[in-house]
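Residue numbers (this note's numbering), protein chains in the order written: chain A, 1 to 203; chain B, 1001 to 1203.
Backbone N, C-alpha and C fix where the C-beta goes; we use that ideal spot for every residue, glycine too.
Written below as structure tokens is the structure these notes are about.
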DNA sequence: GTCTATACGCAGATAGAC
DNA sequence: GTCTATCTGCGTATAGAC
């Protein structure tokens, strides 16, 4: 159990254990916020799930709101949130559908996103700047990609790239909510593919 | 100020005042839940805004969850929520755009809907059955309307009415969220019109 | 019907021993 | 770094006087 720290172990505490603990907290907080929301989930819930006391938790994340932001940023890193344009070889359609199917299979990811995004619209919510900024970046990214496609003549005439970008993001979020409430009755990937086929022309 | 109650006022309490009070509570609760969500808004907030004590409030609505359901049902009655097919003279496009522009102008309506809908996905939320049911009804209603249009040859070939119904609802909800976070940068009505023009053919 | 008072519990955060 | 104990405040809901 003892972590090797070299001959002079006086400076520099046990980093490895710390990052492990932080990871456990982030995982637990992700699950709690996904199930109960930010306001509905308590630090005690998170601490219980992570197997430590509530005060220990606050040693790593000094406040509940900072824990939330850490969870949101961590979520981005594990999902590949689509803000950064990835593999230039992959088509827009493939990238969107791959991401949608991935989200369907990783439990809790969509719950967290949907719940917190709704909550974030409220007054004084610590996640509000995150979502405002995220939407802005996503709109910019998709608008750019659609403009490129338009340059290649692959965008249906009459379709405005900015409107289509906001619409694609909105459709995606909205259909996720319906899917969470009735997974058997809503075809997430089908709806996204349907929309993309409407705005894009075959090569 | 005295409400006329007829000669024998012994039986039957002051109905008028009661319904007035209930109205004031609903209005206040609507505003509070819209601004802070269900979990984030307290009965005390609602009571303060309605100008009465918290215990008086509980006299009219015996629990917080029942107050929430009353607010949701009241919202339907004032907005005309689209579940019931309205004027058969009005086209689908006109009805959707009219409703969207109406919602833009009545403050708090979209906030309430968006915030509670997101919250409702969480475990044990009292509004969850309401939203599950609402989406189901909406999908049924729009599917039916789109099928009718398909019968008149007004639906673009290849568009599945069920997929398009769920997509329209999802797009609507999702674009509302973006609009609430950045009203100047998102054109709600434009996105909806854009989608409807894609799936419908001119007469 | 409406109030004051209060029961009862949990929230987030801090102090200080170990 | 981690804990127990505690501070302080707010939450929903109830009891009972008026």
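Thinking C-beta only, is residue j closer than 8 Å to residue i?
| i | j | result |
| --- | --- | --- |
| residue 1132 of chain B | residue 181 of chain A | yes |
| residue 1192 of chain B | residue 1100 of chain B | yes |
| residue 118 of chain A | residue 1117 of chain B | yes |
| residue 1165 of chain B | residue 178 of chain A | no |
| residue 1190 of chain B | residue 163 of chain A | yes |
| residue 1200 of chain B | residue 1156 of chain B | yes |
| residue 1067 of chain B | residue 1029 of chain B | yes |
| residue 1071 of chain B | residue 122 of chain A | no |
| residue 1039 of chain B | residue 40 of chain A | yes |
Report the option in the options whose CA atom is closest to the CA atom of residue i.
| i | options | result |
| --- | --- | --- |
| residue 148 of chain A | A/161, A/139 and A/136 | A/161 |
| residue 126 of chain A | A/37, A/44, A/202 and A/145 | A/37 |
| residue 1074 of chain B | B/1196, B/1109, B/1057 and B/1063 | B/1109 |
| residue 1103 of chain B | B/1198, B/1176 and B/1200 | B/1176 |
| residue 184 of chain A | B/1136, B/1026 and B/1031 | B/1136 |
| residue 129 of chain A | A/69, A/52 and A/27 | A/69 |
| residue 56 of chain A | A/77, A/39, A/24 and A/154 | A/24 |
| residue 1173 of chain B | B/1138, B/1145 and B/1198 | B/1138 |
| residue 107 of chain A | A/34, A/63 and A/194 | A/34 |
| residue 1017 of chain B | B/1113, B/1092 and B/1060 | B/1060 |
| residue 92 of chain A | A/78, A/168 and A/65 | A/168 |
| residue 87 of chain A | A/188, A/151, A/187 and A/145 | A/145 |
| residue 113 of chain A | A/159, A/76, A/94 and A/158 | A/76 |
If you reduce the DSSP assignment to three classes, tell me which class residue i lands in.
| i | result |
| --- | --- |
| residue 201 of chain A | coil |
| residue 1183 of chain B | coil |
| residue 1004 of chain B | Reliability of the predicted coordinates at residue 1004 of chain B is poor, the pLDDT of 40 falling under 50, and no value is obtained from them. |
| residue 1087 of chain B | coil |
| residue 1177 of chain B | helix |
| residue 1124 of chain B | coil |
| residue 170 of chain A | helix |
| residue 1190 of chain B | helix |
Considering residue i, what are the terminal residues of the alpha helix (DSSP H) in which it resides?
| i | result |
| --- | --- |
| residue 64 of chain A | 64 to 79 |
| residue 1115 of chain B | 1109 to 1119 |
| residue 1040 of chain B | 1015 to 1040 |
| residue 46 of chain A | 43 to 50 |
| residue 1059 of chain B | 1054 to 1060 |
| residue 150 of chain A | 128 to 151 |
| residue 1155 of chain B | That residue, residue 1155 of chain B, is in no alpha helix (DSSP H); it is neither H nor E in DSSP. |
| residue 1094 of chain B | 1092 to 1105 |
Tell me, to the nearest whole angstrom, how far the beta carbon of residue i is from that of residue j; I am working on the premise that it is less than 8 Å.
| i | j | result |
| --- | --- | --- |
| residue 49 of chain A | residue 32 of chain A | 6 Å |
| residue 203 of chain A | residue 154 of chain A | 7 Å |
| residue 42 of chain A | residue 83 of chain A | The pair is not a contact, with the Cβ atoms about 30 Å apart (cut-off 8 Å). |
| residue 1198 of chain B | residue 198 of chain A | 5 Å |
Give a single yes or no on whether residue i has its beta carbon closer than 7 Å to a heavy atom of the ligand NAP.
| i | result |
| --- | --- |
| residue 1078 of chain B | Annotation note on the ligand NAP: not contained in the displayed structure, which lists no ligands. |
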